[in-house]
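These notes concern the structure reproduced below.
Numbering (UniProt numbering), first residue to last: 1 to 259.
See the structure below:
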């Protein structure tokens, strides 16, 4: 009995940890409500309602899995996938983040776009394999060079790991959501796609609007100030300089609604 209880408790704990930071928590609420209604029907001996619930239980579960597929995939991928071997070296200084943001502001002035990926726990080796390995010191100059239209590395995302630019020209998966704002271009859709499939943080510079945004947890936080982006990166990447609040500006969710 003790072993069974321990196993069940462990499974419940892992499932909870997998979905605790995602929209999949909504599933828990729906399932809990359904179970409560089902138990009440049994206690009150409402045989017809009990039979109906049993009849629609499986289709209901299938609909939940289909509707929340992106969130479930990201949640369980983040929890159970092999830990990224680079995350332990992901510590960087505020000065390095300043260098990145300085480059982004220059790119805005030049009307050029950029995608910069900060991996966290989820393994994104397939994304890294799609690009070109650099393993170079992080600097504003290098970022500007990578995203210059005359260089072969500008098409795609660069990856920052351990305070270094490790890869460039990486291709990101496009978001599977169909009702994203029409004003979002390929870069925003790609950043959101990776934010849906992993727990990585993606910085986006819009070539058209000049907005600098962050994508993470299957959301786009659009057109943030450089100060807000720095504080958010310090928090999300487990840097210990500061522990700020979440961005307060309008956030574009994966479903295309303001949150």
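By construction, the Cβ of each residue, glycine as well, lies at the ideal position given by its N, Cα and C atoms.
Given the structure is predicted, the values throughout are model-derived calculations rather than measurements.
If we ignore side chains and look at the alpha-carbon of each, how far apart do residue i and residue j end up?
i, j, result
"residue 158", "residue 102", "16 angstroms"
"residue 160", "residue 63", "38 angstroms"
"residue 111", "residue 127", "26 angstroms"
"residue 189", "residue 40", "44 angstroms"
"residue 55", "residue 43", "18 angstroms"
"residue 105", "residue 96", "14 angstroms"
"residue 58", "residue 150", "55 angstroms"
"residue 129", "residue 171", "9 angstroms"
"residue 145", "residue 191", "21 angstroms"
"residue 208", "residue 122", "31 angstroms"
"residue 187", "residue 213", "11 angstroms"
"residue 31", "residue 37", "10 angstroms"
"residue 47", "residue 196", "41 angstroms"
"residue 206", "residue 152", "19 angstroms"
"residue 167", "residue 229", "22 angstroms"
"residue 193", "residue 51", "40 angstroms"
"residue 260", "residue 45", "Examination of residue 260 is not possible in this model, given that the chain is present from 1 through 259 alone."
"residue 125", "residue 154", "20 angstroms"
"residue 183", "residue 29", "33 angstroms"
"residue 169", "residue 225", "26 angstroms"
Using beta-carbon positions only, say whether residue i and residue j come within less than 9 angstroms of one another.
i, j, result
"residue 115", "residue 204", "yes"
"residue 117", "residue 201", "yes"
"residue 53", "residue 33", "no"
"residue 139", "residue 99", "yes"
"residue 227", "residue 211", "no"
"residue 94", "residue 131", "no"
"residue 147", "residue 113", "yes"
Which residues in the same chain as residue i place their Cβ atom closer than 7 angstroms to its Cβ, once the five residues preceding and following it in sequence are excluded?
i, result
"residue 136", "142, 164, 165"
"residue 236", "201, 216"
"residue 61", "none"
Kindly identify the DSSP beta-bridge partner or partners of residue i.
i, result
"residue 161", "164"
"residue 136", "165"
"residue 118", "201"
"residue 213", "204"
"residue 170", "157"
"residue 38", "None, per the DSSP bridge assignment."
So, at 6 angstroms on beta carbons, what are the nonlocal neighbours of residue i in its own chain, with the 5 sequence-adjacent residues on each side left out?
i, result
"residue 49", "41"
Between the segment 175 to 192 and the segment 215 to 229, do three or more beta carbon pairs fall short of 8 angstroms?
-> With the cut-off at 8 angstroms, the segment 175 to 192 and the segment 215 to 229 touch.
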